Amino acid sequence: MATPRRLSELLMVSCFLLQAISAHAITRHYKFNVVMRNMTRLCSTKPILTVNGKFPGPALYTREGDNVLVKVVNHVPHNITIHWHGVRQIRTGWYDGPAYITQCPIQPGSSFLYNFTVTGQRGTLFWHAHINWLRATVHGAIVILPKLGVPYPFPAPHKEAVVVLGEWWKADTETVINQAMQLGVGPNISDSHTINGHPGPMSDCASSQDGFKINVENGKTYMLRIINAALNDDLFFKLAGHKLTVVEVDAVYTKPYKTDILLITPGQTTNVLVTADQSAGRYLLSVSPFMDAPLQVDNKTGTAILNYANTISATARLTFVKPPPQNATPIASKFVESLRSLNSKEYPANVPQTVEHSLFLTIGVGVNPCPNCINGTRVVGAINNLTFVMPSTPILQANYYNIPGVFTEDFPATPPHKFNYTGSGPKNLQTMNGTRVYRLPYNGSVQVLLQDTGILSTESHPIHLHGFNFFVVGRGVGNYNPKTSPLTFNLIDPVERNTIGVPTGGWTAIRFRADNPGVWFMHCHFEVHTSWGLKMVFVVDNGKGPSETLIPPPKDLPQC
């Protein structure tokens, strides 16, 4: 039996070990200067917004458990905010970033210190501007390494590389969307897809030396941290001659899945392992659009090169890769349906087995009157026939300070009108307008059924939920059937994400636990649809005690 002295010594050792473990978590400081820079792509030069003069912007490196401080200083004549896409922001919703949802924008000449802790997450996420279309060039990677001493649940790669997929317009993107909104029609599509900011060596007016390159050694395994930062396009990703093993999506480990093609929607991230097991040479990476609806899309293929170290020169043999057809629905579906959570003892999939709050949300577009528009009408986005109107006072502040008149709490949990959702739609295509929210109690289990609609056209929609991860428990084509569709649900090891592509003419069911108090945006991550109003807000109440309560607002919170 231990003596009191021995117990005291053991307690001291335990306290020391706990301090040593907690000491691994540090505070990391970053400074983001938002500045204009001239950039030349496709033989055309234009000024763009950047962070620290870089496009894509600088990668933010941290570890699970670290506190991250990012001072954002606005040196440009545009309002700006930064969203830390996928970071849970536990109790720190003031720093989430969407303009007029959680904060007023950072005005020209002003600054704001974002302050958050990375809790229970490891993998790849990204940051981007969250106002208007500024995220077209204001974006960069967030790399969350495991805690010190904690290995990956897969063989450690020799090296890692960040691969940011995007779009490039020769025109100013703010002009593109502003003109479209004035005319009431869709915006012009982009001129190219990019890999780490470059259209690549196969693009118009490029040389074989242009673009991003990944240098590898034969026999080594590499991890690519791939991010879709494009505004409006789902993207296929391929690498000539090599297999890709998916090990993580949206900063959540998955069961290893070997494939030769990835599908990544805007807002999604995918980590893959690649073994350099081919003969010396150069191998093409390609990024091309997926669109299985009769809608116009940028069909340009962005490219980069995987270069073996013992390749003699840049003129060495280049192995090409053929992108899949633009409308390759079977390829897209197979990839999405093959992903599973790791669901190990260390990284369990805590899927809510019961549902306390159930929502059925139709997502799509509508047509509203617009006397000054080209056809006298305007195309709008809607969830349950409600086109969301952005307030002038942020909803988080209005909720925290009980400011009246900013929002109402009558967001419809079910469609106000029932119809054949994936058919041609009702005769009346007009939507309601409003700033309505849906309130959830702390820690409630929530199921959201996302149903695509055929109004004007069916189309896939990458839906992103701020403040939470969710489990994708079900997916199907056609209209959701409340009797038979739940029989297909996976409640054991469904993939866990923060952004999910709802299939064209189909549905997706997600579940999450509302364990994060605050105001949380949910919207389509096609930027055009967000501009049109395909968005909504959840307000999650505080729980009991400080650990379940939103922190007070920071003193330097921007004012409108």
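Per mature numbering (1 follows the signal peptide of the UniProt record, and there is no 0), the sequence shown runs over residues -23 to -1, 1 to 537. Ideal Cβ positions, reconstructed from N, Cα and C, are used throughout, including at glycine. Keep in mind the model is a prediction, meaning the values are calculated, not measured.
Relative to His219, the option among Asn397, Asn195, Leu208 and Tyr230 whose CA is nearest is Asn195. The straight-line gap separating the alpha-carbon atoms of Val472 and Gln424 is approximately 15 angstroms. No Cβ-Cβ contact shorter than 7 angstroms links Pro132 with Pro85.
For Val12, the CB contacts under 7 angstroms within the same chain, skipping 5 residues up- and downstream, are Thr27, Gly30, His52 and Val53 in chain order.
Less than 7 angstroms separates the beta-carbon of Val47 from that of Tyr91. Judged by their CB atoms, Ala293 and Gly258 are nearer to each other than the 7 angstroms cut-off. The beta carbons of Thr408 and Gly343 sit closer together than 7 angstroms.
Below 8 angstroms, enough C-beta pairs join the stretch 480 to 495 and the stretch 445 to 454 to call them touching: three or more. Measuring C-alpha to C-alpha distances from Pro381 to each of Pro389, Thr370 and Phe388 identifies Thr370 as the nearest.
Of the candidates Val223, Val517, Phe312 and Gln536, Val517 places its Cα closest to the Cα of Leu527. Annotation: Met158 is outside any beta strand (DSSP E); the continuous alpha helix (DSSP H) that includes it extends over Thr150 to Leu160. The distance from the Cβ of Pro266 to that of Leu212 is about 6 angstroms, consistent with a contact at the 8 angstroms cut-off. DSSP, read as helix, strand or coil, puts Pro24 in strand. Taking the Cα positions, Leu142 is about 42 angstroms away from Gly522. Secondary-structure assignment with DSSP links His438 through a beta bridge to Val479. DSSP places Gln428 within a strand segment (E or B) once states are collapsed to three. In this structure, Lys232 lies near Arg317, with their beta-carbon atoms less than 7 angstroms apart.
In the DSSP secondary-structure assignment, Asp211 is bridged to Phe267. Taking C-beta separations shorter than 8 angstroms and ignoring five residues to either side along the sequence, the partners of Ile469 in its chain run Asn320, Ala326 and Val328, following chain order. In the structure shown, Arg474 falls within a strand segment according to DSSP collapsed to helix, strand and coil. Following the DSSP letters along the chain, one finds Thr96 in no alpha helix (DSSP H), marked with neither H nor E. Contact between Gly495 and Leu373 holds, with the beta-carbon distance rounding to 7 angstroms and staying under 8 angstroms.
Within the stretch 178 to 264, the runs of beta strand (DSSP E) that reach at least 3 residues and sit entirely inside it are, in chain order, 190 to 193, 198 to 205, 211 to 216, 221 to 226, 229 to 236, 239 to 241 and 246 to 252.
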